[in-house]
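Worksheet for the structure shown next.
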Amino acid sequence: MDLGINGKIAIVTGAGKGIGRACALQLAREKAAVVISDIDDEAGQKTSAEVVQLGVESLFIHCDVSQEGDVKDLFRKTHDHFGRIDILINNAGISPKLPFYEITEEQFDQVLNINLKSNFLCSKEAFAYMKDNGWGRIVSLSSLAGLHGGINSAAHYSATKAGIIGLTKTLAKQVGKYNITVNCVAPGRIDTAMTRMLSKEQLDEVLARIPIRRLGTVEEVANVITFLASEGGSYITGSCVEILGGYTG
Numbered sequence: 266m267d268l269g270i271n272g273k274i275a276i277v278t279g280a281g282k283g284i285g286r287a288c289a290l291q292l293a294r295e296k297a298a299v300v301i302s303d304i305d306d307e308a309g310q311k312t313s314a315e316v317v318q319l320g321v322e323s324l325f326i327h328c329d330v331s332q333e334g335d336v337k338d339l340f341r342k343t344h345d346h347f348g349r350i351d352i353l354i355n356n357a358g359i360s361p362k363l364p365f366y367e368i369t370e371e372q373f374d375q376v377l378n379i380n381l382k383s384n385f386l387c388s389k390e391a392f393a394y395m396k397d398n399g400w401g402r403i404v405s406l407s408s409l410a411g412l413h414g415g416i417n418s419a420a421h422y423s424a425t426k427a428g429i430i431g432l433t434k435t436l437a438k439q440v441g442k443y444n445i446t447v448n449c450v451a452p453g454r455i456d457t458a459m460t461r462m463l464s465k466e467q468l469d470e471v472l473a474r475i476p477i478r479r480l481g482t483v484e485e486v487a488n489v490i491t492f493l494a495s496e497g498g499s500y501i502t503g504s505c506v507e508i509l510g511g512y513t514g
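Here the sequence shown is numbered in the working numbering, starting from 266 and rising by one per residue.
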């Protein structure tokens, strides 16, 4: 199936590892050029090299997505090199594991800035470039914790992921007239480094609540995100697509 994104220009934040890396590679397989953004230079450059091996152009740009100056630099450099920006995948995020009563104000602000403020900053910059093209796709990473609250996820993480859903629905209403769609996905327990931090007891508890009795893969999440970023998803906007393996809270 041709998803209609051959030659499109995509930015994926936090693309050095995990779901972000899987998204970058899947977009590359559909022949979109991919800009890799991460604060981990080594991991980001490795993903960028993997994208090039798939036969499309790629740049790695170091970016702290919680800082407006870095975000503006990311989009300016991308536009200067490629001449346009078509797709944004807001993936960057952190997930500290703490009970809410141990979270300090500084820790709360850090998670808020990296997970939610970054989504706002990047989407705002993306819109500035996409609106004149008359085409754009913004897809953000929410979470099971944003839908149902966290069991093992911390309160500040869950709050930011719920915030992403609200931000997504509002942006979709405001930018739709420019033929820009804005969606998010809410993965459940996916086999990533974050999930591997759980103890065996915690993981067993999680798996018992998933009807298909396994973790999801980063590729399964990337497949959904790539579809939402494509022509195939052109009439889907303001949605939060659940990727939960049947988990219902």
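We put the beta carbon where it would ideally sit given N, CA and C, even for glycine.
- A Cβ-Cβ contact shorter than 7 angstroms links ILE477 with GLY511.
- When beta bridges are read from the DSSP output, PHE325 appears opposite ILE301.
- Take the alpha-carbon of SER408 and the one of THR460: they are about 13 angstroms apart.
- Close CB contacts of VAL506 within its chain, under the 8 angstroms cut and outside five residues either way in sequence, are with ASN448, CYS449, VAL450, ALA451, VAL489, LEU493 (chain order).
- Going by C-alpha positions, SER383 is about 17 angstroms away from THR343.
- At the C-beta level, LEU353 and ALA308 stay beyond 7 angstroms of one another.
- When rounded, the separation of the alpha-carbon atoms in ASN444 and LYS273 is 15 angstroms.
- Taking 7 angstroms as the cut-off, the Cβ atoms of GLU295 and LEU319 do not count as close.
- Distance check between GLY503 and each of GLY348, THR433, ASN398 places THR433 closest, using alpha-carbon atoms only.
- Between ILE508 and VAL486, the C-beta spacing is below 7 angstroms.
- As the crow flies, the alpha-carbon of LYS442 is around 41 angstroms from that of THR369.
- Going by DSSP, THR278 is part of the beta strand (DSSP E) stretching over 274 to 278.
- For ALA419, the CB contacts under 8 angstroms within the same chain, skipping 5 residues up- and downstream, are SER360, PRO361, LYS362, LEU363, PRO364, PHE365, ILE368, VAL376 in chain order.
- Of the other Cβ atoms in all chains shown, fewer than 16 fall within 10 Å of the Cβ of SER499; this residue is therefore exposed.
- Looking at the DSSP output, GLU390 sits in no beta bridge, so it has no partner there.
- Around the beta carbon of HIS421, 16 or more other beta carbons sit within 10 angstroms, so the residue counts as buried.
- The DSSP-derived three-state label of GLU307 is helix.
- Pairing ARG286 with ALA280 gives a Cβ-Cβ distance under 7 angstroms.
- Unbroken alpha helix (DSSP H) runs of no fewer than 4 residues, entirely contained in the stretch 344 to 401, are found at 370 to 376, 383 to 395, following chain order.
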